[in-house]
Amino acid sequence: MKIGGMQVGEYVVKSVGGKRALIFDCKHCPYRASIAEDHHCRFHVLKILGQLEADTVVFAEVYERVYAEAQTKMLMEVANLAQKFVVQSIWSYNHLGRPKKECEPFFPERHRIMVKIARDLITFDPLLAYLTLMEELKKQEVKVKQGSAEYIDCAEPYVATLVQMKNSFDILTLTIKARKLLTELTEIPNTKVMYKSIFEAEIKPSFIGSKLSFEGMENLELMDEYNVRESTVQVFSDPDRVEKIYQINPPEYSLAPDQYFILSKTREIVASYRPGKTSLSTVATSRKYFERLYEATIKEVAQFHKVRLSPGEMSSLSKVVARYTVGYGILEVLLNDRRVTDIYLDAPIGGKPIYVVHSDYGQCQTNVTFTENESNSLISKLRAMSARPFDEAHPVLDFDLQDLETRVAVIGPPLSPSGAAYAFRLHKLTPWTLEQFIDVDYLNPLAAGMISFFIDMQSTTLIAGSRGSGKTSLLGATIQEIPQNSRIIIQEDTMELPVDYLKNIGFNIQRLKTKSAISVSKTETEVAPEEALRTSLRLGDSALILGEVRSTEAKVLYEAMRVGAAGNVVMGTIHADSAYSVWDRVVNDLGVPTTSFKATDIVIVARPIRFKGSLTRHRRVVEITEVKKHWDKDPEREGGLLKLMSYEAKTDNLELQEDNLKESDLLKKIQKTSGLSVNDIWSEIRLRGNAKLFLVEQKSELDLPELLEAINTSSGNNKLLLMKEKMIEEEGSVNYDQLLGQWKNWVTTKLIPRVKRASVANKKKKKE
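By this note's numbering, the letter at position 590 of the sequence shown is numbered 789, and the numbering carries on one by one without gaps.
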């Protein structure tokens, strides 16, 4: 197309997240795609902005130059001023002087200057237009000062027009910035230098839809910096904001022009491949295959275009191509950061940057803004991978991204009237252990020992808490306290528990996957939770774990617990903030009779704590409560809920309620069924707690965090049980102090050296 007699690229306006982006196709444009460096480009943009409104300007070629809202606003102001001058016909005769014959000789020169400033220069070089205007105004002021009365009268309208134009220029953001820049310089520079200081585009590869912002970093304080795969992550604090700033800088944003070119060409070639459902459902296993395929393609493209790339560069580029074809795009960088626990994208997509919940810094706003096109692509991928519908009739999609150990929940219209929205929950790659919870003050050693003991005694346990309190993580840790010679059945609607990892380290687990609680699909391909639970009771003598007690399956669960059909430890999680709330929810909301609820032995409650009103949340176990058996209607009024341990915020400690212990029905029951005395029970609890504390102390002393991973703590638990069993067989009783000493010696001489060797080997492997 042609503008002002010049051949320029095509343009289009797209709405992204409620913002209008003016996008120019600069692939075949004869001018340089830069507002700062090419006046033809500037002319093109200002002419278009005079006809429409935009929030951002994008120049698209091999990579995109994005001018953010603040810079586009400056251009819009100039374009609007140019239009204003046209509407006012600022160069017409009534603006050039008095309509008198003696004034006419001055009109041609004045008209030429006015046209030059208000029509030509303002769209090519608005700063030069301003400087020219100031120069002309200064000249006229001198002439008026030295001229005759007749000249002064003749020049008055012209000078008034120049002053009016100056006032219009003075309020432009561009002019204000330029004047500030000029005060810092000793001489007036070429206007191109000033444009380079004012207009700085964000450069990104053209195939990346998301926008990464690196603006406004002057007042930020760097708090942390680390790498995720090949991307850099930085966490900043802003003195004027409550939430932290989480910034990523992936390698594709800092490539050489030749590498951008090769990336774009490669992506054009591989984009013709359309993976089917089989390919999409096996992304995790086929990812390496695609990376090898793309690496070979990159090598061929580079050779054809005579671009030299090292093997390392080709490997790195192949991973980038895979990320934006068979992967999840820029979102994948966030999903691979295991210090992030949650990722949120609110509707409308593109209206606000993605925000995350960081395990160390809480909720953070990222520098990534997702786009609607990327959202549509992601939804298509999730539909294909899950084989579930997602449309207006089915506006909810819940799915597990097993290749990334992440659960995603997507909602769309009409449930979300502004469009699709996402919530990603990232699971810890290795399960939490009670030892790790002690290390982060989630609970203390005595509480860990008590929980471990009750699990070993096959007590029925519910873990309660709000969302984000860590109840599912605690459930995963308590599963590891079940002896490995037991069979475990785990039932979940969303696969959050690390079953595969636990099976690999020796646990015998059968997982049951049930229909999602938030699904609105009428499909019969998934089994309802209550039906799955009835089935699990027919799968043999097993410990039974429910990922979450939500609905009608609660009746089946408590029925099974009452008649002893489970035959082993039963555990699950439930949304509640106290033991009483658990009873209230189970009985009044889920319809379980009070007599059935008494089958619950222990309720563990976790809660995020904000010390002294701080913005920072700290997860803590706040109570361990026994459900007694001799009450009728209201457990709180009738003393049916006995707190064994209770959290004190002043001391930040979970304290033992010693006065309540003598009233414990559960401890009396354990005495009868196991033959343990009261002293034996507390010796057993302290043994387990002290053993876990010893591992935590050794981890800190040796700087060996791997020691607290499940693979090693499970070995420690197994060894402690075997040593105790051997002592019972040989001596008929347990000397707990002697047993703990023998176990500590084994940890020091056997377990720790083994963990050290594995740690060194893993670090060496990562370097390679």
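All C-beta atoms in this analysis are idealised placements derived from N, C-alpha and C, irrespective of residue type, glycine included.
Counted as a single uninterrupted DSSP element, the beta strand (DSSP E) harbouring residue 541 occupies residues 539-544. Residue nearest to residue 505 within the set 494, 538, 572 and 460 is 460 (criterion: CA-CA distance). Annotated three-state conformation of residue 940 is helix, per DSSP.
Judged by beta-carbon spacing, residue 680 lies beyond the 7 Å limit of residue 895, meaning their Cβ atoms are not closer than that value. Scanning the region 717-802 from its first residue to its last, the whole beta strand (DSSP E) runs of 3-plus residues come out as 742-745 and 769-774.
Between residue 540 and residue 552, the C-beta gap is not smaller than 7 Å, which leaves the two residues out of contact. Only buried fits residue 522, as 16 or more other CB atoms lie within 10 angstroms of its CB. Looking at the backbone, the Cα of residue 502 and that of residue 489 are separated by about 20 Å. In this structure, the CA atom of residue 344 is about 15 Å from the CA atom of residue 356.
In terms of Cβ geometry, residue 596 and residue 581 form a close pair [threshold 7 Å].
Straight across, the Cα-Cα distance linking residue 879 with residue 662 is about 26 Å. Just so you know, the alpha carbons of residue 538 and residue 642 end up roughly 21 Å apart.
By the C-beta criterion, the region 228-236 is judged not to be in contact with the region 369-380, since fewer than 3 inter-stretch pairs fall below 8 Å. A straight-line Cα-Cα distance of about 29 Å links residue 574 and residue 244. Around the beta carbon of residue 518, 16 or more other beta carbons lie within 10 angstroms, which makes this residue buried. Assignment of residue 535 by DSSP, reduced to helix, strand and coil, places it in the coil class.
By the Cβ-count criterion, residue 899 is exposed, with fewer than 16 other Cβ atoms from all chains shown falling within 10 Å of its own Cβ.
Going by beta carbons, residue 636 and residue 883 fall outside the 7 Å limit. With a cutoff of 7 Å on beta-carbon distance, residue 704 and residue 696 are scored as not near each other.
Distances from the CA of residue 920 to each of 938, 826 and 908 were compared; the closest alpha carbon is that of 938. As computed with DSSP, residue 561 is found in a beta bridge with 557. Relative to residue 881, the option among 650, 833 and 796 whose CA is nearest is 650. In the pairwise beta carbon analysis, the region 664-674 is classified as touching the region 799-818: at least three pairs are separated by under 8 Å. If you ignore the 5 residues before and after residue 817, its C-beta comes within less than 6 Å of the C-beta of 808, all in its own chain and listed in chain order. Membership of residue 664 in the beta strand (DSSP E) is indicated by the continuous run 660-664. As for any beta strand (DSSP E) of minimum length 3 sitting wholly inside the region 628-673, the runs are 660-664, ordered along the chain.
Residue 432 is a Cβ neighbour of residue 447, given a cutoff of 7 Å.
For residue 699, the secondary structure class from DSSP, reduced to helix, strand or coil, is helix. Separation of the CB atoms of residue 321 and residue 361 is rounded to 14 Å, and the pair is thereby denied contact status at 8 Å.
When only Cα atoms are considered, residue 833 and residue 769 end up about 24 Å apart.
Here the C-alpha atom of residue 316 lies approximately 12 Å from the C-alpha atom of residue 336. When rounded, the separation of the alpha-carbon atoms in residue 929 and residue 875 is 18 Å. Exclusion of the five residues before and after residue 263 leaves 257, 403 and 405 as the residues of its chain whose Cβ lies within less than 6 Å of its Cβ.
Inter-residue distance for residue 358 and residue 571 is about 52 Å (C-alpha atoms, whole angstroms). The alpha-carbon separation between residue 225 and residue 400 amounts to approximately 15 Å. The bridge partners DSSP lists for residue 608 are 597 and 622.
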